[in-house]
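Notes for the one structure printed next.
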Amino acid sequence: MNAAPLHIAGQRLMLDPAGVAIWPAEKLLVVSDLHLEKGSSFAARGSFVPPYDTRETLERLALALRRWRPERLVLLGDSFHDRHGCARLHASDCAALQRMLGALAQVVWVLGNHDPEPPVGLPGTATEEYRHGPFVFRHIAQPGRAVPPGELSGHYHPKATMPVRSGAVTRPCFLTDGRRLLLPAFGAYTGGLEVRDPAIASLFPRGGRAFLLGAERLFSFPTGPLRGAAPVPETANAPP
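Numbering (this note's numbering), first residue to last: 223 to 462.
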């Protein structure tokens, strides 16, 4: 995979097509919105879906950790789909997660709206937000609030539409304006919200740059002003 460099707050981050961000100088990997046990949450409400989302998400996370070999991991909230998700983990998935996290020097669970309580029995510390160097790590970006030079957040599951010769393609994406970085959702069963939606556009009134996730690389383009912009028609196609 070919990661893309991004400079925020005087620091160099790397954006991975897998949907994680890396701060190489601090050996820190950031991931958002795993929504582990979303399938079992749906099943409990009578909507039966294949119960393999947690395993797939953990396998992808393990690949990212092996690729970048960080010492620190920051999870930007909604790591579990609900406050009881950790208790529903299959024993083998729980053991795999324990091994992954136990190999790291630091694990930070930023609490989200789906998982407002710390996971029980897993390594790491939980917090409403985490500050390190020039960055603040939050689940939900804080518009109109004084922030450090750099803010990393999740929550919105951003996706963007990029025009191509055959029409347009829509994929999950990173979105940044040089101060904020909005991460895509990492979970196997997570959907997406268009960056032109008012909830996201209000955070980037002057627009920004989107990095669409591809199989081996990111596809970057400037969004232009987002507030008040008309949505771009979507197709089922996607970059390779």
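Here a beta-carbon is modelled for each residue, glycine too, at the ideal position from N, C-alpha and C.
Next item on the list: Leaving out five residues on either side along the sequence, give the residues of the same chain with a beta carbon under 7 Å from the beta carbon of G413.
Entry: H379
Margin query: Quick check on the burial criterion: 16 or more other C-beta atoms within 10 angstroms. Buried or exposed for R360?
Written below: buried
Notebook entry, point to check: Could you give the residue range of the beta strand (DSSP E) that holds G372?
Noted result: 372 to 375
Next item on the list: For A240, I'd like the list of residues in its chain whose CB is within less than 6 Å of its CB, leaving aside the five on either flank, ordered along the chain.
Entry: A286
Notebook entry, point to check: Can you check whether the CB of A363 is closer than 7 Å to the CB of A432?
Noted result: no
Notebook entry, point to check: In three-state terms, what does DSSP make of E416?
Noted result: strand
Next item on the list: Pick out whichever of K249, V391, S388 has its Cα sitting closest to the Cα of V296.
Entry: K249
Margin query: From the DSSP secondary-structure annotation, give me the bridge partner or partners of Y352.
Written below: F359
Margin query: Let me check one thing: in DSSP terms, what residues is R234 bridge-paired to?
Written below: H229
Next item on the list: Determine the burial state of F441: buried for a count of at least 16 other Cβ atoms within 10 Å of its Cβ, exposed for fewer.
Entry: buried
Next item on the list: From the DSSP output, in three-state form, read off L448 for me.
Entry: coil
Item checked: Cβ neighbour criterion (16 or more within 10 Å) applied to P341 -> buried
Check: In terms of alpha-carbon separation, which member of G400, E259, G389 lies closest to F302?
Finding: The shortest C-alpha to C-alpha distance from F302 to any of G400, E259, G389 is the one to E259.
Note to self: Just to confirm my understanding: we take Q328, look at its own chain, exclude 5 residues before and 5 after, and list those with CB closer than 6 Å. What are they?
What the structure shows: R294
Check: Count the other CB atoms within 10 Å of the CB of A437; is the residue buried (16 or more) or exposed (fewer)?
Finding: Classified as exposed, A437 has fewer than 16 neighbouring CB atoms from the shown chains inside 10 Å of its CB.
Item checked: CA-to-CA distance, Q233 to W245, given in whole angstroms -> 8 Å
Check: Quick one: complete beta strand (DSSP E) runs, 3+ long, within the region 316 to 342?
Finding: 328 to 332
Item checked: Q320 to L344 span [Cα, whole Å] -> 6 Å
Item checked: Reduced DSSP category for P406 - H, G, I as helix; E, B as strand; rest coil -> P406: coil per DSSP, three-state reduction.
Check: What number of angstroms, rounded off, separates the C-alpha of A407 from the C-alpha of P370?
Finding: 23 Å
Note to self: Within the continuous beta strand (DSSP E) that includes R294, where are the two ends?
What the structure shows: 294 to 297
Margin query: Within the continuous alpha helix (DSSP H) that includes A286, where are the two ends?
Written below: 275 to 290 is the span of the alpha helix (DSSP H), which, as asked, contains A286.
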